[in-house]
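First up is the structure itself, then whatever we jot down about it.
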Amino acid sequence: MGPVTCPECAAPVLPPARTCPRCGYPLAPPPPTEAETREMRAGAAAAKIVAVLLVLYMLGVAGTFVYDHLL
Ligand SMILES: [Zn+2]
Numbered sequence: 001m002g003p004v005t006c007p008e009c010a011a012p013v014l015p016p017a018r019t020c021p022r023c024g025y026p027l028a029p030p031p032p033t034e035a036e037t038r039e040m041r042a043g044a045a046a047a048k049i050v051a052v053l054l055v056l057y058m059l060g061v062a063g064t065f066v067y068d069h070l071l
């Protein structure tokens, strides 16, 4: 990303600056708050649990299939 022009005062803003050095206009959304970060971590943990349950379910299906056809 090259320099960005401030939409408020048209001053060039060089990355990684998040605010215009001249007028302080915010060019990028602020970093996530602590609560939002915690929420994202909870979401990732939930996704992991779902993935593990899915694997266990598929193993169970495969096991049932083997059981039904080989025994
Ligand atoms: Zn500005």
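Count the sequence shown with my numbering and you get residues 1 to 71, in order.
Ideal Cβ placement from N, Cα and C applies to all residues, glycine included.
Remember, predicted model here, so these are calculated numbers, not experimental data.
Query: For ligand 1, is there any heavy atom lying closer than 8 Å to the beta carbon of Arg18?; Result: no
Query: If you draw a straight line from the C-alpha of Val13 to the C-alpha of Pro29, how long is it?; Result: 15 Å
Query: Just grab the DSSP bridge partners of Val13 for me.; Result: Val4
Query: Is Val52 close to ligand 1? I mean its beta-carbon at under 8 Å from any heavy atom of the ligand.; Result: no
Query: Please indicate yes or no: does the CB of Ala11 lie closer than 8 Å to some heavy atom of ligand 1?; Result: yes
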